[in-house]
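**Student:**
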Amino acid sequence: MVSRSLLISLFRLTALCLVSLTLLVTARAQKSFDERSLTQKVKDAVVTIRHMDRAGNENGVGTGFVIDSEGLVATSLHVIGEARMVEVLFADGSRHEPVAVHAWDRALDLAVLRLDRKGLPTLSLGDSDALASGEKVIAVGNPMGLERSVVSGLISGFRRFDHSRMIQLAIPIEPGNSGGPLFNPRAEVLGLLNMKSTLTANLGFATPINALKPLLARPNSMTMNKWLRLGALDEGLWTSSMGALWSSKVDRISVQGKGAGFGGKSLCHFHQEPSTLPYELKVRVKLGDESGAAGLIFGSDGSERQYGFYPSNGQLRLTRFDGPSVYSWNILSQVQTPHYRLGDWNTLSVRHEKDRISCFVNGQLVIESKDRALRLGQVGLAKFRDTQADYSNFMFNPTPAEKVPFEPDSDLTQLLAKIQTHLGDNPSSMQALSASIGDQSPDQLQDLAELLERRTDQIRRLALESHRIQIQKQLRTELKQSEPQRNLLRAALLVAKHDYPELNIKAYEDAVNRMAGDIRDYHSTEGGESDLIQSLIDFLFKENGYHGSFSDYENAANSYLNKVIDDREGLPITLSVLFIELADRLGIKHVTGLPLPGHFLVKHQPQGGKVALIDVFNSGKQLTFDEADALALQYQVNNVSSEYMASATKRDIIIRMLSNLRYFTRSNSGLRDSLPYLDLMIAIDEEDAGLRLERATICLRIGRRDMARSDFEWLLERRPEGLQLDRIREALRSL
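The working numbering puts the first residue of the sequence shown at 2, with every later residue one more than the last.
Encoded structure:
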């Protein structure tokens, strides 16, 4: 018989299970009710954002949400893109085109649109700093185009990406979710859905809502007309056709989206046209995916007929396009070559002569053709399929020099060419390779691979060091001139070229000249200098969205003038350089830099007029001397008198820019990576004993003993005041 105690235990266990089951069902019902209730509460404030191509066709979809009843909608910057038409769709079916981009931040991937619509329902912003792992969250978005889908999950942690803190979510994020709100159960927005993990399906990331709040406090507004021209092709130089989205930034052109021509073909013609043969074309190109195709066109009728030289599926191809369909495409030559660098930038060049077409990749001849079907015509760029591609340093030379005779490759390169030709996974490829290289054993091939890897690393380091030495020489030469002769713009671009060897300095000089021309064309220049200064402020900050990098201050890009011009975001000193150089081109005299500790300013001192201090980091706000002194106090610098502070020389400005780069790099990457900026500073100011001592100390710590010895000997030879020479002798003896 079953004992009484056992029956009681079974009864209690059954009762406990029933209670637990009841609670579980109730909790699930409550959870479902909460999500339905929340969705109903927020649905009118969550919007769908569509961006279109130039023809008005939908090119992508994302999500946003209303944060102000006067028409402000928050989303991710990549949802609206740059130079794209945007449409905002509400739950009631109404559609609105934004009148302005109220605020935006590229580093944080945030944007706020302004609509011409009032009385909108809004969402409450929560406090993302108070979040903890394990908290329940709910996301609303438009995954895969399904409007206002709801999904719940948990906060699984926090991650940093490129200086930005992101919320890690146990939630699947799909295309269309981006820019959508992340809620807590109280319907407060904690973040904006941003991206999904490439490793795990149910893992995503969101931008914390607190990152948006400073942006709202300091908006960098731009009208939609201006925004649509941001990054647009220079219509004086280029004309695109056959769809896709072509955009440009000074010396770079980008294309994305599928072209409307057969095979996704899209063209971008350069306005200068050759009038005779021979001529040369050159461009650097990088494909987003090697399965795509993009490169040069020439001999074009402006429509369907042209030659094309481009990489395609890792090979180089010369094609003659005789019409709109694949049946009228004639592949004249297709080769695989070790000179083409997969996944990297490659330089394509074409020489079109009367009797031949010569095609080069990275300086090596890869294709020659005697085809003469197409002669003179337009030149430019092309892309095919759904390729995303970037082009830079396009060059058309209508009067090329005499052709340099082609020299055969070395034995080593010929061996590499044989290997590349027969690479493959099938047995016949391996047999062909074995027959081609003869007696070279697998061990020899492995030795060759290891040798090439070592040599490649050595040559790359040597190339970089040689480049940096050349920049040191050019910068030293520029800044050794008298102050009026020094070219501040060129010097600042040389600092950027130190880290970006392919930077085209002339292209950025031309861009600044065009900006000055735009100010003359569209702003009154008939008033005095103060009116011109205001026109310059309006042009940069009100109309073109230049702004200080509040959210990503220590990003090295803020110290490179080319990046500041491209991204319209920078540090006080780099924005000041741009302002000073534009003022000079507008003929505004006595505009200099004021080296306020911690926060560089622009100073305008008109002859016989009132001095103006301009804070270019804060949208060109004009300050009094007292306000400038108070600003210095924020950086814990006491007893600053900006009124009596000498203006910074151009040399001072460059040294300070390099000092910023040295400090940021040292903080983020360590001593070794900061050393090149110290080398540049010493190249400019060879007699600065403090810089020499700092470099010697760093070199001693990282094991560069020869450089440390050289600097210690220099210090002992010159015996500068204020240094403990005994300590230096002791350090030298240790070497």
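Yeah, the Cβ is synthetic: ideal placement off N, Cα and C, and Gly gets one too.
Small disclaimer: the values here were computed from a predicted structure and weren't measured.
Return the Cβ separation of Leu114 and Val74 in integer angstroms, given the expectation that the two are a contact with Cβ distance under 8 Å.
**Tutor:** The residue you call residue 114 lines up with position 113 of the sequence shown. The residue you call residue 74 lines up with position 73 of the sequence shown. That pair is a contact at about 4 Å.
**Student:** State yes or no: is the C-beta of Ala140 within less than 8 Å of the C-beta of Ile172?
**Tutor:** The sequence position of residue 140 within the sequence shown is 139, counting from 1. The sequence position of residue 172 within the sequence shown is 171, counting from 1. Yes; because the gap between Cβ atoms is below 8 Å, this pair is in contact.
**Student:** To which residues of the same chain is Ala633 closer than 6 Å at the C-beta, ignoring the five residues directly before and after it?
**Tutor:** As a working mapping, residue 633 is identified with position 632 in the sequence shown. Taken in chain order, the residues that qualify are Leu597, Pro598 and Val641.
**Student:** Name the DSSP bridge partner or partners of Val67?
**Tutor:** In the sequence shown, the residue the question calls residue 67 occupies position 66. The partner list for Val67 (beta bridge, DSSP) reads Val74.
**Student:** On the CB-based measure, 16 or more other CB atoms within 10 Å of its CB, does Tyr501 come out buried or exposed?
**Tutor:** The residue you call residue 501 lines up with position 500 of the sequence shown. The residue in question, Tyr501, is exposed, as its Cβ has fewer than 16 Cβ neighbours within 10 Å.
**Student:** Can you give me the start and stop residues for the beta strand (DSSP E) that Lys250 sits inside?
**Tutor:** In the sequence shown, the residue the question calls residue 250 occupies position 249. Its beta strand (DSSP E) spans residues Gly244 to Lys250.
**Student:** Need the endpoints of the alpha helix (DSSP H) that Leu217 sits in, please.
**Tutor:** As a first step, residue 217 must be located in the sequence shown, where it is residue number 216. It spans Leu213 to Ala218 - the alpha helix (DSSP H) in which Leu217 sits, taken as one unbroken run.
**Student:** For Phe540, report the span of its alpha helix (DSSP H) as first-last.
**Tutor:** The count along the sequence shown starts at 1 and reaches residue 540 at position 539. Neither: Phe540 is in no alpha helix (DSSP H) and is coded neither H nor E.
**Student:** Can you give me the start and stop residues for the alpha helix (DSSP H) that Glu582 sits inside?
**Tutor:** Position 581 of the sequence shown holds residue 582. Pro573 to Arg586 is the extent of the alpha helix (DSSP H) around Glu582.
**Student:** Does the beta-carbon of Asp110 have 16 or more other beta-carbons within 10 angstroms, so that it is buried, or is it exposed?
**Tutor:** Residue 110 sits at position 109 when you count from the first residue of the sequence shown. By the 10 Å Cβ count, Asp110 comes out buried.
**Student:** Between Gly594 and Tyr678, what straight-line distance do the alpha-carbon atoms span, to the nearest angstrom?
**Tutor:** Taking the sequence shown and counting its residues from 1, one reaches residue 594 at position 593. Taking the sequence shown and counting its residues from 1, one reaches residue 678 at position 677. Taking the straight line joining both Cα atoms gives about 22 Å.
**Student:** How about the region 459-466 and the region 553-561: do they share at least three Cβ pairs that are nearer than 8 Å?
**Tutor:** The region 459-466, when compared against the region 553-561, does not touch it at the 8 Å Cβ threshold.
**Student:** My understanding is that Gly180 touches Thr64, with C-beta atoms under 8 Å, so please give their C-beta distance in whole angstroms.
**Tutor:** Translated into the one-based positions of the sequence shown, residue 180 becomes position 179. Translated into the one-based positions of the sequence shown, residue 64 becomes position 63. Their Cβ separation, rounded to whole angstroms, is 5 Å, which keeps Gly180 and Thr64 in contact under 8 Å.
**Student:** Is it buried or exposed for Glu236, if we count other Cβ within 10 angstroms and need 16 for buried?
**Tutor:** Counting from 1 along the sequence shown, the entry for residue 236 is found at position 235. Classification for Glu236: exposed.
**Student:** From the DSSP output, which residues share a beta bridge with His270?
**Tutor:** The residue given as residue 270 occupies position 269 in the sequence shown. According to DSSP, which records beta bridges pairwise, His270 is partnered with Thr240 and Gly381.
**Student:** Could you name the residues that DSSP lists as bridge partners for Gly158?
**Tutor:** One-based indexing of the sequence shown puts residue 158 at position 157. In DSSP, Gly158 forms a bridge with Gln169.
**Student:** Assuming the contact rule is C-beta atoms closer than 8 Å, Val284 and Leu382 should be a hit. Round their C-beta distance to whole Å, please.
**Tutor:** Numbered from 1 along the sequence shown, position 283 holds the residue referred to as residue 284. Numbered from 1 along the sequence shown, position 381 holds the residue referred to as residue 382. Val284 to Leu382, Cβ: 7 Å. Contact.
**Student:** Drop a sphere of 10 angstroms on the beta-carbon of Arg652, count the other beta-carbons inside from all chains shown, and report buried for 16 or more, exposed for fewer.
**Tutor:** In the sequence shown, residue 652 corresponds to position 651, counting from 1. Per the 10 Å Cβ criterion, buried.
**Student:** Going by DSSP in three states, Ala629 sits in which element: helix, strand or coil?
**Tutor:** Indexing the sequence shown from 1 puts residue 629 at position 628. The answer is helix: DSSP assigns Ala629 an H, G or I state.
**Student:** Count the other C-beta atoms from every protein chain shown that fall within 10 angstroms of the C-beta of Val327, then say buried if there are 16 or more, exposed otherwise.
**Tutor:** In the sequence shown, counting from the first residue as 1, residue 327 sits at position 326. That one is exposed.
**Student:** Within its chain, find whatever has a CB closer than 6 Å to the CB of Gln316; leave out the 5 residues flanking it on each side and keep chain order.
**Tutor:** Translated into positions along the sequence shown, residue 316 becomes position 315. Excluding residues within five positions, the ones whose Cβ falls inside 6 Å are Gln335 and Gln337.
**Student:** Out of Asn185, Val80 and Ser70, point me to the one whose CA is closest to Asn143's CA.
**Tutor:** Translated into positions along the sequence shown, residue 143 becomes position 142. Per the Cα distances, Val80.
**Student:** Since Pro182 sits in a beta bridge, which residues does DSSP pair it with?
**Tutor:** Within the sequence shown, the letter at position 181 stands for residue 182. Its beta-bridge partners are Leu193.
**Student:** Within a Cβ cutoff of 8 Å, which residues of the same chain sit near Asp1, ignoring the five residues on either side of it in sequence?
**Tutor:** Outside the displayed range of the chain (2 to 736) lies residue 1, so it cannot be described from this structure.
**Student:** Is it buried or exposed for Leu22, if we count other Cβ within 10 angstroms and need 16 for buried?
**Tutor:** On the sequence shown, residue 22 is found 21 positions in, with the first residue counted as 1. Per-residue confidence for Leu22 stands at a pLDDT of 38, beneath the threshold of 50, marking its modelled position as unreliable; the derived number appears in the next sentence. Counting Cβ neighbours within 10 Å, Leu22 comes out exposed, since fewer than 16 surround it.
**Student:** Confirm, please, whether the CB-CB distance from Leu736 to Ser719 is below 8 Å.
**Tutor:** Position 718 of the sequence shown, counting from 1, holds the residue named residue 719. Position 735 of the sequence shown, counting from 1, holds the residue named residue 736. The question names Ser, but residue 719 is Arg in the sequence shown. Against a cut-off of 8 Å, the Cβ pair of Leu736 and Arg719 comes out as no contact.
**Student:** Look up Val26 in the DSSP assignment and say whether it is helix, strand or coil.
**Tutor:** Along the sequence shown, read from residue 1 onward, the residue named residue 26 stands at position 25. Unreliable positioning characterises Val26 in this predicted model, as indicated by a pLDDT of 37, which lies under 50. The coordinate reading is nonetheless provided below. Of the three classes helix, strand and coil, the one that applies to Val26 here is helix, per DSSP.
**Student:** How is Glu484 classed by DSSP in three states: helix, strand or coil?
**Tutor:** Here residue 484 refers to the residue found at position 483 of the sequence shown. Correct three-state label for Glu484: helix.
**Student:** Jot down the residue ranges of each uninterrupted beta strand (DSSP E) in the region 635-662, minimum 3 residues, whole runs only, in chain order.
**Tutor:** Counting whole runs of 3 or more residues, the region 635-662 contains no beta strand (DSSP E) stretch at all.
**Student:** Note the first and the last residue of the continuous alpha helix (DSSP H) segment covering Asn226.
**Tutor:** The residue you call residue 226 lines up with position 225 of the sequence shown. Per DSSP, Asn226 belongs to the alpha helix (DSSP H) from Met225 to Arg230.
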